[in-house]
Each structure stands twice: as C-alpha cells, then as structure tokens.
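**Q** Sending over a structure as structure tokens; questions will come in a sec.
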Amino acid sequence: MDKNDLMKYLVEEAEYSESEVAEMTNTELLDHWLKYNGICGYTEDIKDVIEAAFDVDLED
Numbered sequence: 295m296d297k298n299d300l301m302k303y304l305v306e307e308a309e310y311s312e313s314e315v316a317e318m319t320n321t322e323l324l325d326h327w328l329k330y331n332g333i334c335g336y337t338e339d340i341k342d343v344i345e346a347a348f349d350v351d352l353e354d
C-alpha cells in the first residue's frame, strides 16, 4: 500500500470525502485508518514504535 492507496481506501471503504482526505496530514491518515479498523487511541504509540524499530522519522 502506498499513500494514494491509503487515501483511496479512506474514501471508498471508510466513507470519507475526497476533500476531507486531501486535507489530512500523514498522521491523520494513519489515525483514521486505525480508527476504521477498530484501533483507537494508539496512533502516537504506534508511530513511536515504528520510528524506533525502523529508525525513521514519521513527523508530518
């Protein structure tokens, strides 16, 4: 999945409008995907673990 696939998923599956999705930050895209899949309140924790494990910076 790339960013375009994620955006398309949020429009088609999670029923956000294209304009809503286009305005979302990277963190908001992740947060809305997680919420749609039943994972609420862990976005920052998940980002922190990914940053540590893969030695990447996930800031918007």
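Here the sequence shown is numbered in this note's numbering, starting from 295 and rising by one per residue. Beta carbons: idealized from backbone N, C-alpha and C, even for Gly.
By Cβ distance below 7 Å, which residues in the same chain neighbour L300 in space, the five residues on each side in sequence not counted?
**A** Excluding positions up to five away in sequence, the list reads L323 and W327.
**Q** Note down, in chain order, each residue of its chain lying with its Cβ closer than 6 Å to the Cβ of T321, except the 5 sequence neighbours on either side.
**A** D354, listed in sequence order.
**Q** Between A308 and D349, what straight-line distance do the alpha-carbon atoms span, to the nearest angstrom?
**A** Cα-Cα distance, rounded: 30 Å.
**Q** Would D267 be called buried (16 or more neighbouring beta carbons within 10 Å of its own) or exposed?
**A** Only positions 295 to 354 of the chain appear in this structure, which leaves residue 267 out of reach.
**Q** What first and last residue would you give for the alpha helix (DSSP H) that runs through S313?
**A** Counting along the chain, the alpha helix (DSSP H) containing S313 begins and ends at E312 to E317.
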